[in-house]
């Protein structure tokens with residue numbers, strides 16, 4: 279299991295780095311999928327099997343396919359805009375420094391936070407499996423579930439309104 | 008019947024009328040305005056009469072009381088109708104009514120007629136509040152309000168710079184006096200813990216707080232001196248004549264300027280104990296009486312002569328108050344209100360004849376054109392001089408008698424001399440205005456032919472004016488009533504009547520009617536006759552002095568310049584104040600105030616320029632801000648929690 | 008039983024989140040920004056799941072499930088906006104979309 283965590287964590291980090299550094303949109307999508315894979319493995323290591331599957335299907339499948347469709351649709355093969363500095367003065371420098379500061383801060387929290395000292399709880403053998411998860415989702419948490427359905431419907435309608443009709 | 012409800016009504020009705028007339032001054036016709044304004048004052052007068060009948064008609068004169076407002080335990084404004092306040096309220100509303108009626112004709116041609124009537128109504132409200140209050144707070148409120156009314160009415164012709172300056176001058180000097188009055192009231196509260204007349208005077212009667220009474224008396228006197236235009240705060244009164252003539256009659260002769268007399272009379276327990284303050288009052292009054300009479304003899308403006316005459320007569324009242332003859336002071340106020348108002352209103356008629364020209368050197372011979380004005384003016388002048396059958400004789404005699412019987416020889420001499428001077432300036436005034444030849448304006452000599460033509464034209468003009476000025480009935484009747492009152496009010500109310508009326512307000516004094524002392528009366532009449540005869544010799548139509556003063560090249564002397572007191576004040580106070588204001592205006596205002604304001608503007612602009620760069624519409628810039636904020640929040644939790 | 012301590016998961020999540028933030032800040036293509044946001048959401052999800060596991064309850068997983076679904080909706084809307092943006096000008100640059108400042 280040690281190996282799984284290390285490999286999966288490195289995969290996730292490498293995917294994010296790829297998104298930051300890659301020049302072509304397609305490469306970015308691929309490295310994102312890479313990162314999602316790593317995360318799914320991490321979920322597995324946390325005994326969340328259902329969530330790992332959902333991660334692969336929804337993120338790695340549906341959402342990334344959506345990205346690819348958009349890229350294909352717009353033929354935005356190359357990320358074109360990074361050549362000039364843009365409207366911000368020193369955007370990269372500022373972005374890296376602020377992001378780096380955030381990284382340092384959060385890493386300190388993650389490594390030395392009190393909450394992180396928590397020990398893993400004893401859980402039954404079927405923890406995070408489809409049946410147990412589904413039972414929880416559809417009994418205790420059925421209201422958020424219904425709200426989710428509503429949100430998705432709103433999103434669908436919103437997208438149709440935004441791009442469904444061709445406006446000059 | 009309980010008439011206590013009338014007390015607040017007397018105060019409120021003129022105030023309401025002032026508000027209504029002020030609001031509708033441009034929409035209502037002048038006739039409607041006249042009826043409402045005069046009607047409210049008439050109602051107030053009627054209510055005062057009703058209260059007076061009830062009060063003096065009852066066997067035991069019990070003061071009628073009514074609350075006005077209640078501001079907690081500190082000061083509940085109450086009104087009271089006792090002898091003193093009814094005595095004053097009668098004159099205020101009565102003379103006020105007559106002068107309102109007079110004004111309906113006198114001011115009718117003015118385009119701001121409604122404004123004038125509203126302000127006049129406001130004055131009646133303020134003065135009623137002043138005299139009817141049963142505590143120092145109400146008195147002070149009325150005191151301030153009459154000052155405001157005076158300011159507004161002196162500056163009624165606000166397009167005239169002279170009127171503006173006069174209004175400011177009057178207001179500033181009154182405020183200076185009010186500082187003294189308020190300080191006095193504060194000391195009263197500090198010493199006696201109350202503002203109510205009854206409680207304060209009751210405490211004094213029991214011998215409390217005697218040590219501070221001299222100070223309180225002097226402080227109150229400062230307020231009274233400023234309001235009543237006594238020495239040395241008198242300089243605003245002659246300039247106050249810039250206001251319309253009815254205002255001069257009502258406010259600056261009959262009622263408001265005598266408020267100081269009322270204050271001293273009302274606060275008599277203080278002055279009974281505080282002998283030093285009382286003597287100061289007497290000396291201020293005595294000197295003022297002589298000063299006013301002297302200066303009046305040197306003036307050329309008809310209303311200024313009367314203004315200094317007012318100063319002099321109020322000096323008599325102060326003298327009486329200072330000598331403890333409060334009844335005499337209030338009686339003199341009573342008669343003075345009538346004959347001085349009559350003089351002013353008659354002077355208004357005179358001034359109308361000369362198209363607003365108030366210079367008595369430009370008058371003369373008016374007797375032959377307007378006998379009515381001459382008769383009323385003459386009667387009131389005789390009352391002012393104090394010849395026996397007329398009102399002034401009785402009241403002035405009481406004052407002289409008080410000085411005589413107390414052995415105050417210096418004050419008595421001053422008062423008698425002032426009586427002589429009074430006769431002197433009255434005869435001069437009457438002779439210059441009504442006797443002799445009509446004044447012919449000098450025509451500039453350009454060429455002989457032309458000058459004769461112009462002279463003829465001017466003569467024709469004068470003829471036309473002579474016929475144009477038929478005095479309206481609304482002006483004649485009040486003057487006539489006041490003239491009759493100045494003849495009869497003296498012996499009608501002398502002695503027993505005034506004592507019965509006023510004695511309940513002076514419970515601690517031993518008052519008894521005194522017969523006319525032949526020595527005092529004879530002396531004062533003799534001096535007055537001598538003064539009048541000298542004046543007649545000098546100013547009769549062919550008199551020597553008259554010719555000198557009518558000469559256009561005549562240079563006025565010290566009397567005309569009011570003993571240079573004004574010049575001195577100008578040098579001491581006005582000019583330094585103006586210089587300071589200029590200095591501040593040039594240095595402090597542009598650098599300091601403007602600097603701060605402009606600096607704030609520049610700061611806001613600079614700050615805005617900086618902040619503006621945050622709102623640039625760039626999503627990444629916003630994201631950067633958000634992330635920086637997150638970093639700070641997390642840093643806070645990492646390092647401090 | 009996971010082999011690493013909870014701290015390791017929290018730290019990993021923090022790293023992922025901060026890198027995703029850098030991605031949002033330094034890329035000017037709307038697609039790249041959207042992807043970075045997705046990755047930040049995933050970092051948060053990891054935290055939910057890890058803590059849920061540590062406490063032995065299902066709330067963390069349910070929450071992660073909610074986030075995944077909402078992220079799907081968000082991506083749908085975000086991509087629709089990107090499409091609109093590309094329609095207006097072929098070279099999409101978020102820096103040129105500055106009408107937000109009025």
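Chains as they are written, first to last, in the working numbering: chain A, 279 to 446; chain B, 8 to 648; chain C, 8 to 109.
Don't be surprised by glycine CBs; every beta carbon is placed ideally from N, CA and C.
If you follow the alpha helix (DSSP H) that residue i is in, where does it begin and where does it stop?
{"i": "residue 12 (chain B)", "result": "Residue 12 (chain B) -> no alpha helix (DSSP H), and no H or E assigned at all."}
{"i": "residue 55 (chain B)", "result": "37-64"}
{"i": "residue 328 (chain B)", "result": "309-329"}
{"i": "residue 419 (chain B)", "result": "416-441"}
{"i": "residue 37 (chain C)", "result": "37-62"}
{"i": "residue 323 (chain A)", "result": "303-323"}
{"i": "residue 82 (chain C)", "result": "66-95"}
{"i": "residue 512 (chain B)", "result": "Premise fails: residue 512 (chain B) is in no alpha helix (DSSP H) and is neither H nor E."}
{"i": "residue 114 (chain B)", "result": "Taken as a continuous stretch (DSSP letters only), residue 114 (chain B) belongs to no alpha helix (DSSP H), as it is neither H nor E."}
{"i": "residue 342 (chain B)", "result": "333-360"}
{"i": "residue 379 (chain B)", "result": "378-392"}
{"i": "residue 397 (chain B)", "result": "It is not in any alpha helix (DSSP H) - residue 397 (chain B) carries neither H nor E in the DSSP assignment."}
{"i": "residue 563 (chain B)", "result": "Looking at the DSSP string, residue 563 (chain B) is not in any alpha helix (DSSP H), and its letter there is neither H nor E."}
So who's on the other strand from residue i, going by DSSP bridges?
{"i": "residue 409 (chain A)", "result": "For residue 409 (chain A), which the question treats as bridged, DSSP gives no partner whatsoever."}
{"i": "residue 605 (chain B)", "result": "According to DSSP, residue 605 (chain B) bridges with nothing at all."}
{"i": "residue 72 (chain B)", "result": "B:87"}
{"i": "residue 142 (chain B)", "result": "B:203"}
{"i": "residue 366 (chain B)", "result": "B:308"}
Where does residue i land, buried or exposed, given buried means 16+ other C-beta within 10 angstroms?
{"i": "residue 409 (chain A)", "result": "exposed"}
{"i": "residue 375 (chain B)", "result": "exposed"}
{"i": "residue 442 (chain A)", "result": "exposed"}
{"i": "residue 568 (chain B)", "result": "exposed"}
{"i": "residue 47 (chain B)", "result": "buried"}
{"i": "residue 575 (chain B)", "result": "exposed"}
{"i": "residue 438 (chain A)", "result": "exposed"}
{"i": "residue 321 (chain B)", "result": "buried"}
{"i": "residue 377 (chain B)", "result": "buried"}
{"i": "residue 36 (chain B)", "result": "exposed"}
{"i": "residue 337 (chain B)", "result": "buried"}
{"i": "residue 373 (chain A)", "result": "buried"}
{"i": "residue 325 (chain A)", "result": "buried"}
{"i": "residue 431 (chain A)", "result": "exposed"}
{"i": "residue 267 (chain B)", "result": "buried"}
{"i": "residue 400 (chain A)", "result": "exposed"}
{"i": "residue 249 (chain B)", "result": "buried"}
{"i": "residue 245 (chain B)", "result": "buried"}
{"i": "residue 33 (chain B)", "result": "exposed"}
{"i": "residue 314 (chain A)", "result": "buried"}
{"i": "residue 55 (chain C)", "result": "buried"}
{"i": "residue 75 (chain C)", "result": "buried"}
{"i": "residue 113 (chain B)", "result": "buried"}
{"i": "residue 392 (chain A)", "result": "exposed"}
{"i": "residue 371 (chain A)", "result": "exposed"}
Using a Cβ-Cβ cut-off of less than 7 Å, give me the residues of the segment 619-635 of chain B that come near chain C, in sequence order.
Cβ contacts with chain C come from 622, 623, 624, 625, 626, 627, 630, 631 and 634.
Using a Cβ-Cβ cutoff of 8 Å, what residues of the segment 422-437 of chain A are near chain C? List them in chain order.
Result list: 422, 426, 429, 430, 432, 433, 434, 436 and 437.
3 or more residues per run - each beta strand (DSSP E) lying fully within the segment 565-644 of chain B
Within the segment 565-644 of chain B, no complete beta strand (DSSP E) run reaches 3 residues.
Using a beta-carbon distance cut-off of less than 8 Å, what residues from the segment 310-334 of chain A approach chain C?
Interface annotation for the segment 310-334 of chain A against chain C: 310, 313, 314, 317, 320, 321, 323, 324, 325, 326, 328, 329, 332 and 333, criterion Cβ-Cβ distance under 8 Å.
Note down, in chain order, all residues in the segment 24-35 of chain C with a beta-carbon under 8 Å from any beta-carbon belonging to chain B.
Per Cβ criterion, the list reads 28, 31, 32 and 35.
Mind listing, in chain order, the continuous alpha helix (DSSP H) runs of no fewer than 4 residues lying wholly within the segment 119-169 of chain B?
If one requires a minimum length of 4 residues, the alpha helix (DSSP H) runs lying completely within the segment 119-169 of chain B are 120-139 and 143-161, in chain order.
Could you name the residues of the segment 59-76 of chain C whose beta carbon sits closer than 7 Å to any beta carbon of chain A, in the order they occur along the chain?
So the list reads 60, 61, 62, 63, 65, 68, 69, 71, 72, 73, 75 and 76, given in the order they occur along the chain.
Of all the alpha helix (DSSP H) runs that stay within the bounds of the segment 232-308 of chain B, which reach a length of 4 or more residues?
Runs of the alpha helix (DSSP H) spanning 4 or more residues and lying entirely within the segment 232-308 of chain B occur at 243-247, 252-256, 266-273, 275-280 and 282-303, in chain order.
Tell me which residues of the segment 81-98 of chain C have at least one Cβ-Cβ distance to chain A shorter than 9 Å, keeping chain order.
Close to chain A, meaning a Cβ-Cβ distance shorter than 9 Å, are the following residues of the segment 81-98 of chain C: 81, 82, 83, 84, 86, 87, 88, 89, 90, 91, 93, 94, 97 and 98.
Give, in chain order, every residue of the segment 337-355 of chain A whose Cβ lies closer than 9 Å to some Cβ of chain B.
Going along the segment 337-355 of chain A in chain order, one finds no residue with a Cβ nearer than 9 Å to chain B.
Between the segment 399-419 of chain A and chain C, which residues of the former have CB atoms less than 8 Å from a CB of the latter, in chain order?
Near chain C, meaning a CB-to-CB distance below 8 Å, the residues of the segment 399-419 of chain A are 399, 400, 401, 405, 406, 410, 411, 414, 415, 418 and 419.
Selection of the segment 368-382 of chain A by Cβ proximity to chain B, strictly under 8 Å
Within the segment 368-382 of chain A, the residues whose Cβ lies closer than 8 Å to some Cβ of chain B are 369, 372, 373, 376, 377, 379 and 380, listed in chain order.
Got a sec: which bits of the segment 385-397 of chain A sit with their beta carbon under 7 Å from any beta carbon on chain B, in order along the chain?
Taking 7 Å as the Cβ-Cβ cut-off against chain B, the residues of the segment 385-397 of chain A that qualify are 386 and 387.
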